[in-house]
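Peer 1: Here's a structure for you.
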Amino acid sequence: MPAGPFAPDPQDLRRLVKMARLCLTDDQSAELGARMAVILQAFASLQAIDTPATHIENPAPGKPLRDDICGPPLPVSVALANAPRTAADAFLVPRIIEG
Amino acid sequence: MSVSHQLGARAIAARVQSGELRASDVAQAHLQRIRELDPQLHAFVELWPERALQSAAAIDRAQRSGQTLGPLAGVPVAIKDNLLCQGQISACGSKMLERFVSPYTATAVARLEQLGAILLGRTNMDEFGMGSSTERSAFGPTRNPWQMSHVPGGSSGGSAAAVAADFCPLALGSDTGGSVRQPAAMCGVTGLKPTYGRVSRSGLVAYASSLDCVGVIGRAIEDVALGLQIAGDDERDSTCAKRTVPNYLQELDGRKDLRGIRVGIVREFEEATGDEGIKLAVRTAQEQLRACGGTIVEVALPSVKHAVATYYLLASTEASSNLARYDGVRYGHRTAHTRRLDELYEQSRSEGFGAEVQLRILLGTFALQKGYQDQIYGQATRVRAMLAADFAYAFTQCDVLASATSPMPSFALGSKLQDPIAMYWCDALTVPASLAGLPALSLPCGFAVERLPAGLQLTAPKFAESLLLQVGSVFQQQTNWHLQRPLS
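Just so you know, the sequences run in chain order B and G.
With this note's numbering applied, the first sequence has no gaps in its numbers, which climb one by one up to 1400 at the end.
With this note's numbering applied, the second sequence has no gaps in its numbers, which climb one by one up to 506 at the end.
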């Protein structure tokens, strides 16, 4: 991990925050950005390791996914029980189409 | 009837089975102790007295009617706050889930109940498992029962502190990079991270799915062996191994010494153990393993020096993906201040997640962004494979590895919160086994200084939990560190 280009500048950070679906104040961004820079700098040595022929092991070897068989669905009332807002049998969110 | 809070799980179950003790009295006594002492410690986030007493009464009725009771009959158990228990809140130490009511029960928890255990409540943790001190909980920190000004380790600090304080003889935690073993070491109790896939992850709230394991914390090895009977295949977790589950307790009872066992000492682990008190306690413990008949061999794990960086990059990338589900729509915290959908996602997440969780989401997002995936995530994955190969080679030369669990003893509350690298370094000796998917056990092995326990970590090849427990049992037959208690 090269130190220079990998340390996110304020513009990179704004883009990352957006991609991560977060919303930070300038102070929070500055603090988290500084911490990220320290961490990425400390972890930069990983990039220097020669790993050309490394075999990547399957974490669950020989374990196929189970058969894709329909089972009883989660009852609607259970699926909605933890929703912050609901209407009828649906999750309620702000209007996304104006008008 | 008077019940000693110092009874272990095996002893409680035997007495409840025989009718010598009532499960209701056991539950009542432990709840009473928690109410008296936990206000200072904050090991529990919530107690479930009604549920516990109802379960205990059912055990007592079954005993009176002559039914065969499970091996954990009447044993009070605590559950980490990231394991689902139907009808109860599972908050993961986060404001995001502080009102989340579990729609079903985690397989590990359900199996505990099938074995006869009584669930006392949920224990405190670092938010979503992201921390090594239990200071990163939205509900406030837990304190170490040995030294109230110090942390209990993390992220399963609540479970480890609860066992150390004799609030319960057994607790479940989760271990992604050391979150069972490191707090077990810092609280002077015994903690096991099983092989990845040995215990079902169904109902364990995901942090880093290729690393997450449900683990067991107890005072003595025999109690941990009993608790591990929750292992076994589960159709709700496709990474769960289809392998027979031995009777761990029975396998434990056979071994009295370590003749024929090769104990590996890892040079790189010794170099990474900075604290002199921990070093001394671990060297003494290694000598005790030799005195028990074990053969000491020196082995090398050259890639282990990259383990902390590898772990934090991989765990953060997986976390950024797993935690994308918290958007304020289907469950979890929703902001009250928005009129647009994209703002709802962003503000709900920023209000619901703490600073460390947001940092790791950003790190993970950074590592997965276009152009960097192979350079960061891909490279970390390849280094992980190298590390697993190092372990595989080491296990051609030895049967178990013996090292410190944590390179340092417990530290003062607040002392590492501003330095992420110092905090991450607490996991230097536990993340290697996590990355390789290996089982590892932490045993109390003395004190670094007065009232700050040291932990001995034993690591074994995949699915060799019986061997780990046997070696641990022989060690505990020869030592009394696991019997020492911080509170009367």
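Using N, Cα and C, we set each Cβ at its ideal position, and we do this for glycine too.
Mind pulling the chain B residues with CB within less than 9 Å of G/Leu459?
Peer 2: Ordered by position in chain B, no residue passes the 9 Å Cβ test against G/Leu459, which lies about 21 Å from the chain.
Peer 1: Are the C-beta of B/Phe1318 and some C-beta of chain G separated by less than 9 Å?
Peer 2: Looking at the sequence shown, residue 1318 of chain B is not Phe but Val. A Cβ of chain G is located within less than 9 Å of the beta carbon of B/Val1318.
Peer 1: Any Cβ of chain B within less than 9 Å of the Cβ of G/Asp144?
Peer 2: no
Peer 1: Just checking: is the beta-carbon of G/Phe409 within a distance shorter than 9 Å of some beta-carbon in chain B?
Peer 2: no
Peer 1: How would you list, in chain order, the residues of chain B whose beta-carbon sits under 7 Å from the beta-carbon of G/Gln376?
Peer 2: Leu1323, Leu1333
Peer 1: Taking a contact to mean a Cβ-Cβ separation below 9 Å, would you say G/Arg237 touches G/Pro187 in this structure?
Peer 2: In this structure, G/Arg237 places its C-beta atom within 9 Å of the C-beta atom of G/Pro187.
Peer 1: Using a threshold of 9 Å, state whether the C-beta atoms of G/Leu307 and G/Ile314 are closer than that.
Peer 2: Their beta carbons are under 9 Å apart, which means G/Leu307 touches G/Ile314 by this criterion.
Peer 1: Within a Cβ cutoff of 7 Å, which residues of the same chain sit near G/Asn498, ignoring the five residues on either side of it in sequence?
Peer 2: none
Peer 1: Cβ of B/Arg1386 less than 9 Å from any chain G Cβ?
Peer 2: yes
Peer 1: Kindly give me the distance between the Cβ atoms of G/Val93 and G/Ala135, rounded to whole angstroms, as I take these residues to be in contact under 8 Å.
Peer 2: 5 Å
Peer 1: If you draw a straight line from the alpha carbon of G/Gln397 to that of G/Gly389, how long is it in whole angstroms?
Peer 2: Straight across, the Cα-Cα distance linking G/Gln397 with G/Gly389 is about 13 Å.
Peer 1: In the DSSP output, what is G/Ile136 paired with across the bridge?
Peer 2: G/Pro94
Peer 1: How would you label B/Leu1323, buried or exposed, when you count the other beta carbons within 10 angstroms and need 16 or more for buried?
Peer 2: Buried is the call here.
Peer 1: From the DSSP output, read off the bridge partner residues of G/Asn162.
Peer 2: G/Gln165
Peer 1: Starting from the beta carbon of G/Thr414, find every residue of chain B whose beta carbon is closer than 7 Å, and list them in chain order.
Peer 2: Going along chain B, no residue has its Cβ under 7 Å from G/Thr414, so there is no contact; the nearest lies around 17 Å.
Peer 1: Looking at G/Ser491 and G/Ile283, is the spacing between their C-beta atoms short of 9 Å?
Peer 2: Their beta carbons are not under 9 Å apart, which means G/Ile283 does not touch G/Ser491 by this criterion.
Peer 1: Along chain B, in chain order, which residues have C-beta atoms closer than 9 Å to that of G/Ile379?
Peer 2: Ala1321, Arg1322, Leu1323
Peer 1: Per DSSP, which residues does G/Lys297 bridge with? Please list them.
Peer 2: None; G/Lys297 has no bridge partner.
Peer 1: Under 9 Å between the Cβ atoms of G/Ser338 and B/Ala1345?
Peer 2: No, Cβ-Cβ distance for G/Ser338 and B/Ala1345 is not below 9 Å.
Peer 1: How is B/Met1302 classed by DSSP in three states: helix, strand or coil?
Peer 2: For B/Met1302, the pLDDT reaches just 49, beneath the cut-off of 50, and the residue's location in the model is therefore unreliable, although a value from the coordinates is still provided. B/Met1302: coil per DSSP, three-state reduction.
Peer 1: Does G/Asn498 come out as helix, strand or coil in the three-state DSSP assignment?
Peer 2: coil
Peer 1: At 4 residues or longer, what runs of the alpha helix (DSSP H) sit wholly inside the stretch 37 to 64 of chain G?
Peer 2: Qualifying alpha helix (DSSP H) stretches, in chain order: 41 to 59.
Peer 1: Are the Cβ atoms of G/Pro163 and G/Pro504 separated by less than 9 Å?
Peer 2: yes
Peer 1: Does the beta-carbon of B/Ala1391 have 16 or more other beta-carbons within 10 angstroms, so that it is buried, or is it exposed?
Peer 2: exposed
Peer 1: Would G/Met148 pass as a contact of G/Arg154 if the rule is Cβ separation under 9 Å?
Peer 2: yes
Peer 1: Taking the alpha carbon of G/Ala410 as the reference point, which residue from G/Lys480, G/Gly311, G/Glu269 has its own alpha carbon closest?
Peer 2: The candidate whose alpha carbon is nearest that of G/Ala410 is G/Lys480.
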